[in-house]
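So that you can map any letter, position 39 of the sequence shown is 39 in the UniProt record's numbering, and since no number is skipped, the others follow by simple counting.
All residues carry an ideal CB built from backbone N, CA and C; glycine is no exception.
Notes to accompany the following structure.
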Amino acid sequence: MILLISDLHLEEQRPDITRAFLDFLQHRAPAADALYILGDFFEVWVGDDAISPFQREIATALRKLSDAGTRLYLMHGNRDFMLGKRFCREAGCTLLRDPSVVELEGHKVLLMHGDSLCTLDVGYMKLRRWLRNPLSLFVLRNLPLATRQRLARKLREQSQQQTRMKASAIVDVTPSVVPEVMAQHGVLTLIHGHTHRPAVHRLEVNDQPAQRIVLGDWDQQGWALQIDQQGFHLAPFAFAP
Numbered sequence: 001m002i003l004l005i006s007d008l009h010l011e012e013q014r015p016d017i018t019r020a021f022l023d024f025l026q027h028r029a030p031a032a033d034a035l036y037i038l039g040d041f042f043e044v045w046v047g048d049d050a051i052s053p054f055q056r057e058i059a060t061a062l063r064k065l066s067d068a069g070t071r072l073y074l075m076h077g078n079r080d081f082m083l084g085k086r087f088c089r090e091a092g093c094t095l096l097r098d099p100s101v102v103e104l105e106g107h108k109v110l111l112m113h114g115d116s117l118c119t120l121d122v123g124y125m126k127l128r129r130w131l132r133n134p135l136s137l138f139v140l141r142n143l144p145l146a147t148r149q150r151l152a153r154k155l156r157e158q159s160q161q162q163t164r165m166k167a168s169a170i171v172d173v174t175p176s177v178v179p180e181v182m183a184q185h186g187v188l189t190l191i192h193g194h195t196h197r198p199a200v201h202r203l204e205v206n207d208q209p210a211q212r213i214v215l216g217d218w219d220q221q222g223w224a225l226q227i228d229q230q231g232f233h234l235a236p237f238a239f240a241p
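Put into structure tokens, the structure is as follows:
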């Protein structure tokens, strides 16, 4: 059995989400052969050298699950694209490229965070290309910590403001891009997060039935996709009291 989650946006200001995630790790995740976290795991990440006690607590909880036998995989999101190898070593996670093609319970699946599919948001796509450029990442990682923190706050505020102003279709996945990307990777199942619009979308890829599964964000409730011998099961669950 495989579990996939995304968009927890963990931060100290939301202890309810942290409690829900730690409860998930303790009671549900141990039954899984693998847990995939598809981006925006943390609300912000300015570098592995700036890990806080709160973030180290999360790493310790993940390491405990990994040591117990559940394989852990982590993918960058648009909020935490500076997560690095140091955190993954502490947490017992394998860092996945975005996109990645994997086999899950006999199904060939394309995994993505999802932001690269929002091609109508021209301004964001331009910023994303700049931020993910290896040279830009090198420069960012070598900025003083205080500068990185100020830049992260500024980017976060701009993102929230611009998202409120943009039309719904612009900040969602571009439908015409999906079958093209799936055909390029030779898959009939795509799983991603980012949009906070959990759903299972049916489509065709090269005249074959296909599906795009969108993971939900953790805000008022949690979301998880379970893959087992019976198929794909996307469902919400209530936060523990």
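Original post:
Is it right to say residue 43 is buried, meaning 16 or more other beta carbons lie within 10 angstroms of its own, or is it exposed?
Top reply: buried
**OP:** For residue 73, write down the residues that DSSP places opposite it in a beta bridge.
**Re:** 36 and 94
Original post:
For the segment 130-164, which segments carrying the alpha helix (DSSP H) assignment without a break, of at least 4 residues, lie completely within its bounds, in sequence order?
Top reply: 134-141
Original post:
In the DSSP assignment, what are the bridge partners of residue 45?
Top reply: None; residue 45 has no bridge partner.
Subject >> Under the three-state DSSP convention, the category residue 5 falls into >> reply: strand
**OP:** Label residue 76 either buried or exposed according to how many other C-beta atoms from any shown protein chain fall within 10 Å of its C-beta, with 16 as the threshold for buried.
**Re:** buried
Original post:
What's the C-alpha gap between residue 20 and residue 47?
Top reply: 25 angstroms
**OP:** Determine the DSSP secondary structure at residue 18, reduced to helix, strand or coil.
**Re:** helix
**OP:** Report, in whole angstroms, the separation of the C-beta atoms of residue 1 and residue 31, which I expect to be a contact under 8 angstroms.
**Re:** 6 angstroms
**OP:** Count the other CB atoms, across all protein chains shown, that sit within 10 Å of the CB of residue 223; report buried if there are 16 or more and exposed otherwise.
**Re:** buried
Original post:
In the DSSP assignment, what are the bridge partners of residue 260?
Top reply: Limits of the chain in this structure are 1 at one end and 241 at the other, which puts residue 260 out of reach.
Original post:
Can you name the start and end residues of the alpha helix (DSSP H) that residue 60 belongs to?
Top reply: 53-67
Original post:
Looking only at C-alpha atoms, which of 146, 212, 147 and 152 sits nearest to residue 176?
Top reply: 212
Subject >> Backbone secondary structure at residue 220 - three-state DSSP >> reply: coil
Subject >> Straight-line Cα distance separating residue 192 from residue 115 >> reply: 9 angstroms
Subject >> Nearest residue (CA-CA) to residue 109, options 240, 227 and 50 >> reply: 227
**OP:** List the DSSP bridge partners of residue 214.
**Re:** 192 and 199
Original post:
Beta-carbon separation of residue 73 and residue 60 under 8 angstroms?
Top reply: no
Subject >> Contacting residues, own chain, Cβ-Cβ under 6 angstroms from residue 86 (five flanking each side not counted) >> reply: 48
Original post:
Is residue 176 helix, strand or coil by DSSP?
Top reply: coil
**OP:** Could you say if the segment 122-140 and the segment 77-84 meet the contact criterion of at least three C-beta pairs nearer than 8 angstroms?
**Re:** yes
Original post:
So is residue 233 buried or exposed if we call it buried at 16+ other beta carbons inside 10 Å?
Top reply: exposed
Original post:
What residue from 27, 180, 55 and 99 has the CA that sits closest to residue 240's CA?
Top reply: 27
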